[in-house]
Amino acid sequence: MGGPGAAEATPFAWIASLLAGAVLIYYLIQQLQKGKGLPGPLFSLPVLGDTIEFATTDPTKFLFGRFKRYGRVFRLSLLGFTAYVTADPEALRPLLADEGGHFTMPVQTFTALMGNYNLQAHKDVHAAWRKVLMAALTGSGMAQLVPGVVAVMSSHVEGWAKAGRVDLFEAARTLGLDLAVDVLSGVKLAERGIDPSWFKSRMSTFLAGLYGLPIALPGSPLAKALEAKEELLRVLAPVVEEQQRELIQLWEANDQSPAAVAAKLAGSPETATIQGANLLGFTARGCTLPRDAAMSVLHAVMGAADTTRFALFNTWAILAMSPRVQDLIYEEQKKVVAEHGAELTYKTAMSMPYLDAAFKEAMRLLPASSGGFRMLTKELRVGDVVLPPGTTIWFHALLLQTLDPVCWDGNTAVDVPPHMDWRNNFEGAFRPERWLSEETRPRSFYIFGQGAHLCAGMVLVTLEVKLLLAMVLRKWRLALETPDMLARAELFPYTKPAKGTGGMKLIPRDAPLA
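Numbering (my numbering), first residue to last: 949 to 1462.
What follows is the structure, encoded as C-alpha coordinates:
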(Lines of atoms letter the chains of each structure in order from A and count residues from 1; the text may use other names and numbers.)
(Lines give C-alpha, C1' and ligand atoms only; values in the text may rest on other atoms or scores of the structure.)
Protein backbone atom coordinates (compact mmCIF):
# COMPACT_ATOMS: atom_id res chain seq x y z
CA MET A 1 0.00 0.00 0.00
CA GLY A 2 1.19 3.53 -0.72
CA GLY A 3 1.42 6.34 1.78
CA PRO A 4 -0.66 9.50 1.75
CA GLY A 5 -0.82 11.01 -1.75
CA ALA A 6 0.35 7.84 -3.51
CA ALA A 7 -1.52 7.26 -6.78
CA GLU A 8 -2.75 3.88 -7.89
CA ALA A 9 -1.68 2.64 -11.30
CA THR A 10 -4.32 3.52 -13.87
CA PRO A 11 -5.30 1.26 -16.78
CA PHE A 12 -3.62 3.76 -19.11
CA ALA A 13 -0.33 3.46 -17.19
CA TRP A 14 -0.49 -0.35 -17.36
CA ILE A 15 -1.16 -0.25 -21.11
CA ALA A 16 1.68 2.23 -21.68
CA SER A 17 4.08 0.03 -19.70
CA LEU A 18 3.05 -3.08 -21.64
CA LEU A 19 3.48 -1.28 -24.96
CA ALA A 20 6.90 0.04 -23.96
CA GLY A 21 7.94 -3.46 -22.91
CA ALA A 22 6.66 -4.93 -26.17
CA VAL A 23 8.58 -2.35 -28.21
CA LEU A 24 11.75 -3.07 -26.24
CA ILE A 25 11.39 -6.83 -26.71
CA TYR A 26 10.71 -6.37 -30.44
CA TYR A 27 13.79 -4.16 -30.77
CA LEU A 28 15.99 -6.68 -28.96
CA ILE A 29 14.73 -9.51 -31.18
CA GLN A 30 15.38 -7.41 -34.28
CA GLN A 31 18.89 -6.65 -33.07
CA LEU A 32 19.60 -10.33 -32.49
CA GLN A 33 18.16 -11.36 -35.85
CA LYS A 34 19.92 -8.59 -37.75
CA GLY A 35 23.36 -9.65 -36.64
CA LYS A 36 22.71 -13.38 -36.30
CA GLY A 37 25.94 -15.19 -37.06
CA LEU A 38 27.63 -12.05 -38.38
CA PRO A 39 30.49 -10.18 -36.68
CA GLY A 40 29.69 -7.05 -34.73
CA PRO A 41 28.40 -5.86 -31.34
CA LEU A 42 25.44 -7.83 -29.99
CA PHE A 43 23.40 -4.68 -29.26
CA SER A 44 23.48 -1.05 -30.33
CA LEU A 45 21.39 1.99 -29.49
CA PRO A 46 18.24 2.65 -31.56
CA VAL A 47 18.94 5.12 -34.42
CA LEU A 48 22.22 6.24 -32.83
CA GLY A 49 23.90 2.84 -33.06
CA ASP A 50 27.67 3.37 -32.73
CA THR A 51 27.45 7.09 -33.56
CA ILE A 52 28.32 8.44 -30.11
CA GLU A 53 31.34 6.18 -29.62
CA PHE A 54 32.58 6.75 -33.17
CA ALA A 55 32.18 10.53 -32.91
CA THR A 56 34.02 10.79 -29.58
CA THR A 57 36.93 8.47 -30.39
CA ASP A 58 39.85 8.68 -32.79
CA PRO A 59 38.21 7.08 -35.89
CA THR A 60 41.40 5.23 -36.83
CA LYS A 61 41.67 3.78 -33.33
CA PHE A 62 37.98 2.83 -33.35
CA LEU A 63 38.08 1.08 -36.73
CA PHE A 64 41.41 -0.63 -36.07
CA GLY A 65 40.03 -1.81 -32.71
CA ARG A 66 36.95 -3.30 -34.40
CA PHE A 67 39.22 -4.97 -36.96
CA LYS A 68 41.33 -6.52 -34.18
CA ARG A 69 38.18 -7.79 -32.46
CA TYR A 70 36.13 -9.02 -35.42
CA GLY A 71 38.43 -9.30 -38.43
CA ARG A 72 38.10 -7.81 -41.91
CA VAL A 73 34.31 -7.53 -41.83
CA PHE A 74 32.10 -6.19 -39.04
CA ARG A 75 28.82 -4.42 -38.48
CA LEU A 76 28.74 -0.66 -37.91
CA SER A 77 25.62 1.41 -37.22
CA LEU A 78 25.84 5.18 -37.68
CA LEU A 79 23.38 8.03 -38.27
CA GLY A 80 20.39 5.71 -38.52
CA PHE A 81 21.82 3.14 -40.96
CA THR A 82 23.66 -0.16 -40.62
CA ALA A 83 26.42 -1.41 -42.91
CA TYR A 84 29.13 -4.06 -42.85
CA VAL A 85 32.58 -2.52 -43.03
CA THR A 86 34.60 -4.75 -45.33
CA ALA A 87 38.38 -4.38 -45.45
CA ASP A 88 39.31 -7.27 -47.75
CA PRO A 89 40.48 -5.88 -51.13
CA GLU A 90 40.12 -9.24 -52.87
CA ALA A 91 36.53 -9.68 -51.68
CA LEU A 92 35.77 -6.09 -52.70
CA ARG A 93 37.27 -6.36 -56.17
CA PRO A 94 34.19 -7.78 -57.98
CA LEU A 95 31.87 -5.41 -56.11
CA LEU A 96 33.86 -2.42 -57.28
CA ALA A 97 33.37 -3.70 -60.83
CA ASP A 98 29.59 -3.89 -60.26
CA GLU A 99 29.62 -7.69 -60.01
CA GLY A 100 27.40 -8.98 -57.23
CA GLY A 101 26.30 -5.58 -56.01
CA HIS A 102 25.44 -2.04 -56.96
CA PHE A 103 26.05 1.46 -55.66
CA THR A 104 23.87 2.60 -52.76
CA MET A 105 23.74 5.56 -50.37
CA PRO A 106 22.35 4.53 -46.96
CA VAL A 107 22.79 7.91 -45.23
CA GLN A 108 19.14 8.91 -44.87
CA THR A 109 19.70 12.65 -44.51
CA PHE A 110 21.74 12.66 -47.71
CA THR A 111 19.01 10.83 -49.62
CA ALA A 112 16.28 13.06 -48.19
CA LEU A 113 18.05 16.10 -49.58
CA MET A 114 19.60 14.76 -52.78
CA GLY A 115 16.78 12.45 -53.88
CA ASN A 116 16.87 8.85 -55.11
CA TYR A 117 18.27 9.48 -58.59
CA ASN A 118 21.14 7.02 -57.97
CA LEU A 119 22.73 7.33 -61.41
CA GLN A 120 25.54 4.99 -60.42
CA ALA A 121 23.25 2.00 -59.81
CA HIS A 122 22.33 1.66 -63.52
CA LYS A 123 25.23 0.65 -65.78
CA ASP A 124 24.13 2.23 -69.05
CA VAL A 125 23.07 5.46 -67.34
CA HIS A 126 26.23 5.58 -65.25
CA ALA A 127 28.47 4.98 -68.28
CA ALA A 128 26.83 7.80 -70.26
CA TRP A 129 26.86 10.23 -67.32
CA ARG A 130 30.49 9.44 -66.58
CA LYS A 131 31.56 9.86 -70.22
CA VAL A 132 30.27 13.44 -70.33
CA LEU A 133 31.62 14.22 -66.87
CA MET A 134 35.09 12.96 -67.73
CA ALA A 135 35.08 15.06 -70.91
CA ALA A 136 34.30 18.10 -68.77
CA LEU A 137 36.89 17.36 -66.09
CA THR A 138 39.92 16.07 -68.01
CA GLY A 139 42.16 17.26 -70.82
CA SER A 140 40.91 20.27 -72.77
CA GLY A 141 37.75 20.45 -70.68
CA MET A 142 39.76 20.86 -67.51
CA ALA A 143 42.18 23.29 -69.14
CA GLN A 144 39.24 25.56 -69.97
CA LEU A 145 38.14 25.57 -66.33
CA VAL A 146 41.53 26.49 -64.87
CA PRO A 147 41.51 30.27 -65.60
CA GLY A 148 38.17 30.66 -63.80
CA VAL A 149 39.38 28.51 -60.90
CA VAL A 150 42.60 30.55 -60.56
CA ALA A 151 40.67 33.84 -60.69
CA VAL A 152 38.35 32.81 -57.84
CA MET A 153 41.28 31.52 -55.79
CA SER A 154 43.29 34.70 -56.34
CA SER A 155 40.49 36.86 -54.96
CA HIS A 156 40.32 34.72 -51.82
CA VAL A 157 44.11 34.66 -51.37
CA GLU A 158 44.20 38.46 -51.66
CA GLY A 159 41.82 38.74 -48.71
CA TRP A 160 43.81 36.26 -46.63
CA ALA A 161 47.04 38.11 -47.40
CA LYS A 162 45.62 41.39 -46.12
CA ALA A 163 44.57 39.72 -42.88
CA GLY A 164 47.80 37.73 -42.55
CA ARG A 165 45.78 34.70 -41.49
CA VAL A 166 43.13 32.24 -42.61
CA ASP A 167 40.17 30.79 -40.72
CA LEU A 168 40.75 27.34 -42.19
CA PHE A 169 37.33 25.71 -41.99
CA GLU A 170 35.36 28.78 -43.05
CA ALA A 171 37.85 29.62 -45.81
CA ALA A 172 37.66 26.09 -47.22
CA ARG A 173 33.86 26.18 -47.07
CA THR A 174 33.45 29.54 -48.81
CA LEU A 175 36.13 28.86 -51.42
CA GLY A 176 34.62 25.46 -52.26
CA LEU A 177 31.19 27.03 -52.63
CA ASP A 178 32.46 29.94 -54.75
CA LEU A 179 34.29 27.57 -57.09
CA ALA A 180 31.25 25.31 -57.39
CA VAL A 181 28.75 28.10 -58.03
CA ASP A 182 30.80 30.65 -59.98
CA VAL A 183 32.92 28.30 -62.13
CA LEU A 184 31.55 24.77 -62.21
CA SER A 185 27.75 24.86 -61.97
CA GLY A 186 27.27 26.28 -65.46
CA VAL A 187 24.48 28.59 -64.23
CA LYS A 188 24.90 32.36 -64.61
CA LEU A 189 22.88 33.41 -61.58
CA ALA A 190 23.18 37.20 -61.83
CA GLU A 191 22.17 37.15 -65.50
CA ARG A 192 18.94 35.40 -64.49
CA GLY A 193 18.15 37.81 -61.68
CA ILE A 194 19.28 35.54 -58.83
CA ASP A 195 21.41 37.17 -56.12
CA PRO A 196 24.60 35.01 -55.95
CA SER A 197 25.12 35.86 -52.26
CA TRP A 198 21.59 34.73 -51.39
CA PHE A 199 22.02 31.57 -53.46
CA LYS A 200 25.30 30.65 -51.76
CA SER A 201 23.83 31.33 -48.31
CA ARG A 202 20.89 29.00 -48.95
CA MET A 203 23.19 26.45 -50.58
CA SER A 204 25.38 26.50 -47.48
CA THR A 205 22.33 25.77 -45.31
CA PHE A 206 21.38 22.94 -47.67
CA LEU A 207 24.86 21.37 -47.51
CA ALA A 208 24.94 21.62 -43.70
CA GLY A 209 22.09 19.11 -43.47
CA LEU A 210 23.57 16.34 -45.61
CA TYR A 211 25.19 14.27 -42.86
CA GLY A 212 23.41 13.79 -39.55
CA LEU A 213 20.68 11.95 -37.70
CA PRO A 214 17.55 11.45 -39.83
CA ILE A 215 15.32 13.51 -37.53
CA ALA A 216 13.87 16.73 -38.98
CA LEU A 217 12.98 18.47 -35.74
CA PRO A 218 12.10 22.18 -36.07
CA GLY A 219 15.32 24.18 -36.17
CA SER A 220 17.51 21.11 -36.81
CA PRO A 221 20.12 21.16 -39.62
CA LEU A 222 17.99 18.72 -41.62
CA ALA A 223 14.81 20.79 -41.25
CA LYS A 224 16.64 23.96 -42.27
CA ALA A 225 18.24 22.16 -45.22
CA LEU A 226 14.89 20.85 -46.47
CA GLU A 227 13.47 24.37 -46.34
CA ALA A 228 16.49 25.78 -48.20
CA LYS A 229 16.16 23.03 -50.80
CA GLU A 230 12.61 24.06 -51.70
CA GLU A 231 13.63 27.72 -51.99
CA LEU A 232 16.55 26.84 -54.26
CA LEU A 233 14.47 24.58 -56.49
CA ARG A 234 11.83 27.26 -56.85
CA VAL A 235 14.30 29.79 -58.30
CA LEU A 236 16.37 27.30 -60.32
CA ALA A 237 13.57 25.54 -62.21
CA PRO A 238 12.88 28.40 -64.66
CA VAL A 239 16.63 29.06 -65.07
CA VAL A 240 17.40 25.57 -66.43
CA GLU A 241 14.10 25.03 -68.24
CA GLU A 242 15.48 25.76 -71.71
CA GLN A 243 18.57 23.60 -71.19
CA GLN A 244 16.37 20.72 -70.06
CA ARG A 245 14.09 21.11 -73.08
CA GLU A 246 17.08 20.99 -75.46
CA LEU A 247 18.44 17.89 -73.74
CA ILE A 248 15.08 16.10 -74.00
CA GLN A 249 14.92 16.96 -77.72
CA LEU A 250 18.41 15.51 -78.18
CA TRP A 251 17.33 12.46 -76.19
CA GLU A 252 14.33 11.82 -78.44
CA ALA A 253 16.32 12.49 -81.63
CA ASN A 254 18.80 9.78 -80.63
CA ASP A 255 16.20 7.07 -79.90
CA GLN A 256 16.55 7.58 -76.15
CA SER A 257 20.04 6.07 -76.21
CA PRO A 258 22.20 7.21 -73.26
CA ALA A 259 25.38 6.24 -75.11
CA ALA A 260 24.46 8.14 -78.28
CA VAL A 261 23.52 11.32 -76.42
CA ALA A 262 26.67 11.08 -74.28
CA ALA A 263 28.83 10.83 -77.41
CA LYS A 264 27.31 14.04 -78.79
CA LEU A 265 27.60 15.98 -75.51
CA ALA A 266 31.15 14.82 -74.82
CA GLY A 267 32.27 15.84 -78.31
CA SER A 268 31.81 19.57 -77.76
CA PRO A 269 33.37 21.85 -75.11
CA GLU A 270 30.11 23.81 -74.95
CA THR A 271 28.02 20.77 -74.01
CA ALA A 272 30.59 18.69 -72.11
CA THR A 273 29.75 20.19 -68.71
CA ILE A 274 28.98 18.91 -65.23
CA GLN A 275 25.44 20.24 -65.56
CA GLY A 276 25.03 18.57 -68.96
CA ALA A 277 26.18 15.24 -67.55
CA ASN A 278 23.70 15.44 -64.69
CA LEU A 279 20.81 16.42 -66.96
CA LEU A 280 21.57 13.46 -69.23
CA GLY A 281 21.70 11.09 -66.27
CA PHE A 282 18.42 12.36 -64.86
CA THR A 283 16.71 12.21 -68.26
CA ALA A 284 17.93 8.65 -68.84
CA ARG A 285 16.38 7.71 -65.50
CA GLY A 286 13.04 9.16 -66.62
CA CYS A 287 13.33 12.22 -64.38
CA THR A 288 12.22 15.00 -66.72
CA LEU A 289 10.21 17.38 -64.54
CA PRO A 290 11.36 21.01 -64.04
CA ARG A 291 12.09 20.07 -60.42
CA ASP A 292 14.47 17.36 -61.64
CA ALA A 293 16.37 19.83 -63.81
CA ALA A 294 16.74 22.14 -60.80
CA MET A 295 17.95 19.20 -58.69
CA SER A 296 20.65 18.52 -61.29
CA VAL A 297 22.14 21.93 -60.42
CA LEU A 298 22.12 21.14 -56.70
CA HIS A 299 23.90 17.87 -57.49
CA ALA A 300 26.55 19.72 -59.50
CA VAL A 301 27.16 22.28 -56.75
CA MET A 302 27.15 19.73 -53.94
CA GLY A 303 29.57 17.40 -55.76
CA ALA A 304 32.05 20.20 -56.39
CA ALA A 305 31.72 22.18 -53.16
CA ASP A 306 31.72 19.45 -50.54
CA THR A 307 34.64 17.37 -51.81
CA THR A 308 36.73 20.50 -52.36
CA ARG A 309 36.15 21.94 -48.89
CA PHE A 310 36.90 18.68 -47.08
CA ALA A 311 40.00 17.90 -49.17
CA LEU A 312 41.32 21.45 -48.87
CA PHE A 313 40.78 21.78 -45.13
CA ASN A 314 42.33 18.38 -44.32
CA THR A 315 45.36 19.00 -46.54
CA TRP A 316 45.88 22.53 -45.22
CA ALA A 317 45.70 21.36 -41.61
CA ILE A 318 48.26 18.59 -42.13
CA LEU A 319 50.65 20.74 -44.18
CA ALA A 320 50.57 23.56 -41.64
CA MET A 321 52.04 21.09 -39.14
CA SER A 322 55.04 20.29 -41.36
CA PRO A 323 57.54 23.10 -42.11
CA ARG A 324 59.79 20.48 -43.73
CA VAL A 325 57.23 19.50 -46.36
CA GLN A 326 56.25 23.13 -46.97
CA ASP A 327 59.85 24.01 -47.76
CA LEU A 328 60.21 21.06 -50.13
CA ILE A 329 57.07 22.17 -51.97
CA TYR A 330 58.52 25.69 -52.17
CA GLU A 331 61.74 24.34 -53.68
CA GLU A 332 59.71 22.41 -56.24
CA GLN A 333 57.77 25.58 -57.08
CA LYS A 334 61.03 27.40 -57.81
CA LYS A 335 61.77 24.78 -60.47
CA VAL A 336 58.24 25.01 -61.86
CA VAL A 337 58.46 28.80 -62.19
CA ALA A 338 61.91 28.57 -63.79
CA GLU A 339 60.69 26.04 -66.36
CA HIS A 340 57.11 27.17 -67.06
CA GLY A 341 56.88 30.74 -65.80
CA ALA A 342 54.82 32.08 -62.91
CA GLU A 343 51.38 31.55 -64.45
CA LEU A 344 49.41 28.69 -62.89
CA THR A 345 47.90 26.57 -65.64
CA TYR A 346 46.70 23.01 -66.13
CA LYS A 347 50.10 22.15 -67.63
CA THR A 348 52.09 23.59 -64.73
CA ALA A 349 49.84 21.82 -62.20
CA MET A 350 50.75 18.54 -63.88
CA SER A 351 54.45 19.29 -63.24
CA MET A 352 54.36 19.21 -59.43
CA PRO A 353 55.06 15.60 -58.35
CA TYR A 354 56.05 16.42 -54.77
CA LEU A 355 52.99 18.62 -54.19
CA ASP A 356 50.88 15.83 -55.67
CA ALA A 357 52.49 13.37 -53.25
CA ALA A 358 51.88 15.71 -50.30
CA PHE A 359 48.18 15.94 -51.21
CA LYS A 360 47.84 12.16 -51.48
CA GLU A 361 49.65 11.66 -48.19
CA ALA A 362 47.34 14.11 -46.40
CA MET A 363 44.34 12.27 -47.87
CA ARG A 364 45.80 8.95 -46.71
CA LEU A 365 45.91 10.17 -43.12
CA LEU A 366 42.77 12.33 -43.13
CA PRO A 367 40.51 11.15 -45.98
CA ALA A 368 38.14 13.74 -47.42
CA SER A 369 35.53 11.00 -47.78
CA SER A 370 34.87 7.70 -46.04
CA GLY A 371 34.95 5.52 -49.16
CA GLY A 372 31.69 4.16 -50.52
CA PHE A 373 28.81 1.70 -50.22
CA ARG A 374 27.48 -1.24 -52.20
CA MET A 375 24.24 -3.20 -51.86
CA LEU A 376 24.82 -6.93 -52.36
CA THR A 377 22.75 -8.68 -55.03
CA LYS A 378 24.29 -12.05 -54.23
CA GLU A 379 26.23 -13.64 -51.37
CA LEU A 380 29.67 -12.29 -50.58
CA ARG A 381 32.27 -14.38 -48.76
CA VAL A 382 34.85 -12.54 -46.67
CA GLY A 383 37.08 -15.15 -45.08
CA ASP A 384 34.76 -17.41 -43.08
CA VAL A 385 31.92 -14.87 -43.09
CA VAL A 386 29.12 -15.06 -45.66
CA LEU A 387 27.11 -11.87 -46.13
CA PRO A 388 23.63 -12.38 -47.66
CA PRO A 389 22.05 -10.47 -50.56
CA GLY A 390 20.55 -7.17 -49.47
CA THR A 391 23.45 -6.40 -47.12
CA THR A 392 25.00 -2.94 -47.33
CA ILE A 393 28.78 -3.11 -47.68
CA TRP A 394 30.99 -0.19 -46.68
CA PHE A 395 34.51 -0.08 -48.06
CA HIS A 396 35.81 2.39 -45.51
CA ALA A 397 38.76 4.36 -46.87
CA LEU A 398 40.33 5.01 -43.47
CA LEU A 399 40.44 1.34 -42.44
CA LEU A 400 41.57 0.07 -45.84
CA GLN A 401 44.39 2.63 -45.83
CA THR A 402 45.29 1.65 -42.26
CA LEU A 403 45.68 -1.98 -43.37
CA ASP A 404 47.67 -1.10 -46.50
CA PRO A 405 50.07 -4.03 -47.09
CA VAL A 406 52.94 -1.71 -48.04
CA CYS A 407 52.63 0.59 -45.01
CA TRP A 408 51.38 -1.70 -42.22
CA ASP A 409 53.75 -4.21 -40.63
CA GLY A 410 50.93 -6.42 -39.32
CA ASN A 411 51.42 -5.41 -35.67
CA THR A 412 48.08 -5.50 -33.79
CA ALA A 413 49.56 -4.72 -30.36
CA VAL A 414 49.20 -0.98 -30.93
CA ASP A 415 46.07 1.20 -30.80
CA VAL A 416 46.98 2.94 -34.07
CA PRO A 417 49.69 1.71 -36.48
CA PRO A 418 52.64 4.14 -36.72
CA HIS A 419 52.04 4.99 -40.39
CA MET A 420 48.58 6.36 -39.43
CA ASP A 421 49.40 7.84 -36.02
CA TRP A 422 49.67 11.55 -36.84
CA ARG A 423 48.83 12.40 -33.23
CA ASN A 424 51.88 10.73 -31.68
CA ASN A 425 54.16 10.01 -34.64
CA PHE A 426 53.59 12.92 -37.01
CA GLU A 427 56.97 12.96 -38.75
CA GLY A 428 56.86 9.20 -39.23
CA ALA A 429 53.25 9.16 -40.38
CA PHE A 430 53.26 12.13 -42.76
CA ARG A 431 55.84 11.15 -45.39
CA PRO A 432 54.94 12.34 -48.92
CA GLU A 433 58.14 10.68 -50.13
CA ARG A 434 56.46 7.28 -49.85
CA TRP A 435 54.43 8.15 -52.99
CA LEU A 436 57.52 8.83 -55.13
CA SER A 437 58.80 5.24 -55.28
CA GLU A 438 57.06 2.12 -56.55
CA GLU A 439 58.50 0.16 -53.64
CA THR A 440 56.97 2.40 -50.97
CA ARG A 441 53.88 3.67 -52.81
CA PRO A 442 50.71 2.72 -50.85
CA ARG A 443 48.44 0.20 -52.56
CA SER A 444 45.22 1.14 -50.76
CA PHE A 445 43.84 4.58 -51.64
CA TYR A 446 40.06 4.57 -51.49
CA ILE A 447 38.96 8.12 -50.66
CA PHE A 448 37.71 8.71 -54.21
CA GLY A 449 36.26 5.22 -54.59
CA GLN A 450 37.65 2.49 -56.82
CA GLY A 451 36.93 0.70 -60.06
CA ALA A 452 34.08 1.78 -62.33
CA HIS A 453 32.89 4.23 -59.68
CA LEU A 454 36.20 6.02 -59.13
CA CYS A 455 35.10 9.60 -58.47
CA ALA A 456 35.06 11.50 -61.75
CA GLY A 457 35.74 14.68 -59.80
CA MET A 458 39.00 13.34 -58.34
CA VAL A 459 41.08 15.08 -61.01
CA LEU A 460 39.26 18.36 -60.41
CA VAL A 461 39.65 18.28 -56.62
CA THR A 462 43.33 17.33 -56.86
CA LEU A 463 43.92 20.13 -59.34
CA GLU A 464 42.09 22.71 -57.22
CA VAL A 465 44.01 21.86 -54.06
CA LYS A 466 47.35 21.82 -55.88
CA LEU A 467 46.71 25.16 -57.56
CA LEU A 468 45.77 26.83 -54.30
CA LEU A 469 48.66 25.37 -52.32
CA ALA A 470 51.12 26.35 -55.04
CA MET A 471 49.70 29.88 -55.04
CA VAL A 472 50.02 30.20 -51.26
CA LEU A 473 53.27 28.34 -50.56
CA ARG A 474 55.14 30.34 -53.20
CA LYS A 475 54.78 33.39 -50.94
CA TRP A 476 54.07 32.24 -47.39
CA ARG A 477 54.84 29.64 -44.78
CA LEU A 478 51.87 28.18 -42.92
CA ALA A 479 51.58 27.81 -39.15
CA LEU A 480 48.56 26.83 -37.06
CA GLU A 481 47.58 29.39 -34.44
CA THR A 482 46.59 26.46 -32.21
CA PRO A 483 49.31 23.81 -32.76
CA ASP A 484 47.13 20.93 -31.55
CA MET A 485 44.09 22.00 -33.57
CA LEU A 486 43.68 18.61 -35.27
CA ALA A 487 44.03 16.67 -32.03
CA ARG A 488 41.17 18.75 -30.58
CA ALA A 489 38.98 18.72 -33.69
CA GLU A 490 35.79 16.79 -34.35
CA LEU A 491 36.56 14.06 -36.89
CA PHE A 492 33.02 12.82 -37.60
CA PRO A 493 31.08 13.17 -39.84
CA TYR A 494 33.91 15.35 -41.17
CA THR A 495 36.92 17.16 -39.73
CA LYS A 496 35.90 20.38 -38.00
CA PRO A 497 38.09 22.38 -35.58
CA ALA A 498 36.92 23.19 -32.08
CA LYS A 499 35.59 26.73 -31.75
CA GLY A 500 38.37 29.31 -31.72
CA THR A 501 41.13 26.89 -32.80
CA GLY A 502 40.89 26.96 -36.61
CA GLY A 503 43.19 29.86 -37.44
CA MET A 504 46.31 29.59 -39.62
CA LYS A 505 49.02 32.25 -39.91
CA LEU A 506 50.51 33.27 -43.26
CA ILE A 507 54.19 34.02 -42.64
CA PRO A 508 55.82 35.90 -45.58
CA ARG A 509 58.79 34.13 -47.17
CA ASP A 510 62.10 35.94 -47.47
CA ALA A 511 62.19 35.24 -51.22
CA PRO A 512 58.60 34.96 -52.46
CA LEU A 513 58.08 33.66 -55.98
CA ALA A 514 56.33 35.93 -58.46
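Note that the Cβ used here is the ideal one computed from N, Cα and C, for glycine as well.
Asked                                                                                                                                      : Found
7 angstroms Cβ shell around Thr999 - same chain, five flanking residues per side excluded                                                  : Leu1026 and Leu1027
Cβ separation of Lys1308 and Trp1383, assumed to be a contact under 8 angstroms, to the nearest whole Å                                    : 5 angstroms
Residue range of the unbroken beta strand (DSSP E) whose run includes Met1323                                                              : Gly1319 to Leu1324
Beta-carbon separation (whole angstroms), Leu1137 vs Ile1222, contact threshold 8 angstroms                                                : Not a contact, Cβ separation roughly 16 angstroms.
Residues bridged to Glu911 (per DSSP)                                                                                                      : Absent from the structure is residue 911, since the part of the chain shown begins at 949 and ends at 1462.
Bounding residues of the alpha helix (DSSP H) (the contiguous stretch that carries Thr1057)                                                : Gln1056 to Met1062
Rounded separation between Gly1251 and Gly1405 - CA only                                                                                   : 8 angstroms
Which of helix, strand or coil DSSP assigns to Ala1427                                                                                     : strand
Val1354, buried or exposed, once every other Cβ within 10 Å from all chains shown has been counted against 16                              : exposed
Backbone CA spacing between Glu1106 and Lys1282 [nearest angstrom]                                                                         : 21 angstroms
Opening and closing residue of the beta strand (DSSP E) in which Ile1455 lies                                                              : Gly1451 to Pro1456
Member of Gly1331, Gly1234 and Leu1161 whose CA lies at the smallest distance from the CA of Tyr1018                                       : Gly1331
Simplified DSSP assignment, three categories, for His1104                                                                                  : helix
Which of helix, strand or coil DSSP assigns to Val1131                                                                                     : helix
DSSP bridge partner residues for Thr1468 (one or two, in chain order)                                                                      : Any answer about residue 1468 is impossible in this case: the structure gives the chain only from 949 up to 1462.
Own chain partners of Ala1248 with C-beta closer than 8 angstroms, once the 5 adjacent residues on each side are dropped                   : Ala1128, Leu1132, Ser1133, Gly1134, Ile1222, Gln1223 and Asn1226
Simplified DSSP assignment, three categories, for Gly1376                                                                                  : helix
Beta strand (DSSP E) runs wholly inside the segment 1257-1326, at least 3 long, in chain order                                             : 1319-1324
DSSP state of Val1420 mapped onto helix, strand, coil                                                                                      : helix
Helix, strand or coil at Ala1220 according to DSSP, with G and I counted as helix                                                          : coil
Helix, strand or coil at Leu1180 [DSSP, three-state]                                                                                       : helix
Thr1255 and Val1409 closer than 8 angstroms at C-beta                                                                                      : yes
For Ala1156, the first and last residue of its enclosing alpha helix (DSSP H)                                                              : Pro1144 to Ala1156
Nearest residue (CA-CA) to Gly1160, options Pro1054, Val1094 and Ala1214                                                                   : Pro1054
Proximity of Asp1352 and Arg1379 at Cβ, strictly below 8 angstroms                                                                         : no
Pro1445, buried or exposed, once every other Cβ within 10 Å from all chains shown has been counted against 16                              : buried
Assigned exposure category for Thr1360 - 16 Cβ within 10 Å defines buried                                                                  : exposed
CB-CB length for Leu1228 against Trp1077, believed under 8 angstroms                                                                       : 6 angstroms
Glu1387 versus Gly1338 - alpha carbon distance                                                                                             : 39 angstroms
Nearest to Trp1370 (by Cα), restricted to the options Leu1416, Glu1381, Asp1432 and Glu1291                                                : Asp1432
N-terminal and C-terminal residue of the alpha helix (DSSP H) that Trp1342 is part of                                                      : No alpha helix (DSSP H) holds Trp1342; the beta strand (DSSP E) holding it covers Thr1340 to His1344.
Cβ-based neighbour list, Lys1177, same chain, cut-off 8 angstroms, excluding 5 preceding and 5 following                                   : Leu1061, Phe1154 and Leu1246
Option nearest Pro1365 by Cα separation, candidates Leu990, Gly997 and Phe1010                                                             : Phe1010
Contacts around Leu1040, its chain only, beta-carbon distance under 7 angstroms, and the 5 residues preceding and following it disregarded : Thr1034 and Phe1343
Proximity to Leu1276 [Cα-Cα], best of Gly988, Leu1421 and Leu1123                                                                          : Leu1421
Unbroken beta strand (DSSP E) run spanning Val1474, endpoints                                                                              : Only positions 949 to 1462 of the chain appear in the structure, and residue 1474 is not among them; the question remains open.
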